[in-house]
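**Student:**
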Amino acid sequence: MTFSPVSLLGPAEIRGLAERLGVRPTKALGQNFVHDAGTVRKIVRAADVRLRQRVVEVGPGLGSLTLGLLEADASVVAIEIDPTLAAELPATVARFAPGASLDVVCADALDVHPADLPGEPPTALVANLPYNVAVPVLLTMLERFSTLEHVLVMVQAEVADRIAATPGSKTYGIPSVKAAWYAEARRSLAISRNVFWPVPNVDSALVALQRHDPPPTSASREQVFSVVAAAFAQRRKTLRAALAGLFSSSAAAEAGLRAAGVDPSARGETLGVAAFARIAEQLPEGDQ
964 MTFSPVSLLG PAEIRGLAER LGVRPTKALG QNFVHDAGTV RKIVRAADVR LRQRVVEVGP
1024 GLGSLTLGLL EADASVVAIE IDPTLAAELP ATVARFAPGA SLDVVCADAL DVHPADLPGE
1084 PPTALVANLP YNVAVPVLLT MLERFSTLEH VLVMVQAEVA DRIAATPGSK TYGIPSVKAA
1144 WYAEARRSLA ISRNVFWPVP NVDSALVALQ RHDPPPTSAS REQVFSVVAA AFAQRRKTLR
1204 AALAGLFSSS AAAEAGLRAA GVDPSARGET LGVAAFARIA EQLPEGDQ
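Residue numbering for the sequence shown follows the working numbering, beginning at 964 and increasing consecutively.
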């Protein structure tokens, strides 16, 4: 990587910006601002951002991670829901990273589509995601932005565990399977709660995802995800019982499971995404 002359934000700059803007971090928006430059650089290194790579950042806040990405010579498009923060970010970048490539879109990330972003389509997502909407935002971005090759997001530690979980583990569930449809996920670095302002009452971690093709299947993503949702609605139920509603009866569910090569007495937590896709292929005609 080649680095531009960029200054990163420290505790004094973070608090100064917040005070000047009258910003008080809110739980409603999941706002916790990173104020440690070393941590920011650690995140950017873990993201392995390429020179001039187009990176989308969700929830840039006061700009800590944004500046770190720009220091790595990324081209950043930032999606910020807070109008005050969105309006201030270009000025912050002009001050601390003059000449850097930044676009800002003031919007809810859950409402953003590729056509809403200026410039080249992003090939990476790097973000400190708001804890309260981290999973929906991550899955929505993976669904809508097929150009995303890799992702590195900071989330609540237990959420990182769930996203990266593999079949058979206690934390394996709906987020694990849905993430696996799009990408290979792995838990990355743990992040100290002390690098945030305000200090959250939960631990944080990075989760990295590398895009891959969905499993080959004649079923749609929606059909596969409907099977996943039903399978995990009551984790203790066997698949025969859990999928009875989708297949119209337990007997039909058993027949569909056997046709998919899945043990009807198994539970959803034991299956990978490819198995769920095979089950979806056996859904009754009206659900195909």
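In this text, a Cβ means the ideal position worked out from N, Cα and C, and glycines have one as well.
1) Count the other CB atoms, across all protein chains shown, that sit within 10 Å of the CB of residue 964; report buried if there are 16 or more and exposed otherwise.
2) In the DSSP assignment, find the beta strand (DSSP E) that holds residue 1197 and state where it starts and stops.
3) My parser needs the beta strand (DSSP E) runs of 3 or more residues fully inside the region 1083 to 1162; what are they?
4) Nearest by alpha-carbon distance to residue 1187: which of 1176, 1093, 1141, 1090 is it?
5) Terminal residues of the continuous beta strand (DSSP E) containing residue 1010?
6) With a threshold of 8 Å, are at least 3 pairs of Cβ atoms found where one atom belongs to the region 1202 to 1215 and the other to the region 1156 to 1164?
7) What number of angstroms, rounded off, separates the C-alpha of residue 1078 from the C-alpha of residue 1084?
8) What do you reckon, are the CB atoms on residue 1151 and residue 1115 nearer than 9 Å?
9) What is the rounded straight-line gap between the Cα of residue 1098 and the Cα of residue 1228?
10) Could you check where the alpha helix (DSSP H) with residue 1169 kicks off and where it finishes?
11) Apply the 10 Å Cβ neighbour rule to residue 1043 and answer buried if 16 or more other Cβ atoms are within range, or exposed otherwise.
12) Across the region 1024 to 1032 and the region 1043 to 1063, are there enough close Cβ pairs to call them in contact, namely three or more that are closer than 8 Å?
13) Is there a Cβ from chain D that is less than 9 Å from the Cβ of residue 1199?
14) Taking the Cβ atom as the reference point for each residue, do residue 1208 and residue 1246 lie within a distance shorter than 9 Å?
15) So what does DSSP say about residue 966, is it helix, strand or coil?
16) What does a CB cutoff of less than 7 Å around residue 1181 pick up in its chain, not counting 5 residues either side in sequence?
17) Out of curiosity, what's the CA-to-CA distance linking residue 999 and residue 1032?
18) Drop a sphere of 10 angstroms on the beta-carbon of residue 1138, count the other beta-carbons inside from all chains shown, and report buried for 16 or more, exposed for fewer.
19) Taking the alpha-carbon positions, what's the residue 986 to residue 1177 distance?
20) Return the CA-CA distance between residue 1222 and residue 1239, expressed in angstroms with no decimal places.
21) Does residue 978 come out as helix, strand or coil in the three-state DSSP assignment?
22) Going by alpha carbons, who is nearest to residue 1149 out of 1163, 1162, 1121, 1165?
**Tutor:** The short version:
1) The residue given as residue 964 occupies position 1 in the sequence shown. Any reading at residue 964 needs caution, since the residue's pLDDT is 43, under 50, leaving its predicted position unreliable; the model's value is listed next. Classification of residue 964: exposed, given that the 10 Å Cβ count is below 16.
2) Position 234 of the sequence shown, counted from the start, is the residue given in the question as residue 1197. From DSSP, residue 1197 is part of no beta strand (DSSP E); its letter is neither H nor E.
3) 1087 to 1091, 1113 to 1119, 1146 to 1154
4) Here residue 1187 corresponds to residue number 224 of the sequence shown, with the count starting at 1. Comparing Cα-Cα distances from residue 1187 to each of 1176, 1093, 1141, 1090, the minimum goes to 1141.
5) Along the sequence shown, one-based indexing puts residue 1010 at 47. Taken as a continuous stretch (DSSP letters only), residue 1010 belongs to no beta strand (DSSP E), being part of the alpha helix (DSSP H) at 1000 to 1010.
6) no
7) For the purposes of this step, residue 1078 is identified with residue 115 of the sequence shown, where counting begins at 1. For the purposes of this step, residue 1084 is identified with residue 121 of the sequence shown, where counting begins at 1. Distance between the alpha carbons of residue 1078 and residue 1084 is about 9 Å.
8) Numbered from 1 along the sequence shown, position 188 holds the residue referred to as residue 1151. Numbered from 1 along the sequence shown, position 152 holds the residue referred to as residue 1115. For residue 1151 and residue 1115, yes; Cβs fall inside 9 Å.
9) Numbered from 1 along the sequence shown, position 135 holds the residue referred to as residue 1098. Numbered from 1 along the sequence shown, position 265 holds the residue referred to as residue 1228. Those two C-alpha atoms are separated by around 29 Å.
10) Working through the sequence shown from its first residue, we reach residue 1169 at position 206. It is not in any alpha helix (DSSP H) - residue 1169 instead sits in the beta strand (DSSP E) that spans 1167 to 1174.
11) Looking up residue 1043 in the sequence shown gives position 80. With 16 or more other Cβ atoms inside 10 Å of its own Cβ, residue 1043 counts as buried.
12) Contact annotation: the region 1024 to 1032 touches the region 1043 to 1063, with at least three C-beta pairs closer than 8 Å.
13) Of the protein chains in the structure, only one exists, and it is not chain D.
14) Locating residue 1208 in the sequence shown gives position 245, where the first residue counts as 1. Locating residue 1246 in the sequence shown gives position 283, where the first residue counts as 1. Not a contact, by the Cβ cut-off of 9 Å.
15) Taking the first residue of the sequence shown as position 1, residue 966 is located at position 3. Its pLDDT being 46, under 50, residue 966 is placed unreliably in this model, and the value from its coordinates should be taken loosely. Coil at residue 966, not helix or strand.
16) Position 218 of the sequence shown, counted from the first residue, corresponds to residue 1181. Closer than 7 Å at the Cβ level, and outside the excluded window around residue 1181, lie 1244.
17) Taking the sequence shown and counting its residues from 1, the one referred to as residue 999 is at position 36. Taking the sequence shown and counting its residues from 1, the one referred to as residue 1032 is at position 69. Approximately 14 Å between the Cα atoms of the pair.
18) Within the sequence shown, the letter at position 175 stands for residue 1138. Buried.
19) The residue given as residue 986 occupies position 23 in the sequence shown. The residue given as residue 1177 occupies position 214 in the sequence shown. Taking the straight line from one Cα to the other gives about 42 Å.
20) Counting from one through the sequence shown, the residue named residue 1222 turns up at place 259. Counting from one through the sequence shown, the residue named residue 1239 turns up at place 276. One C-alpha to the other measures close to 12 Å.
21) Working through the sequence shown from its first residue, we reach residue 978 at position 15. Of the three classes helix, strand and coil, the one that applies to residue 978 here is helix, per DSSP.
22) Stepping through the sequence shown from its first residue, residue 1149 is reached at position 186. Looking at the Cα atoms, 1121 is the closest of the given residues.
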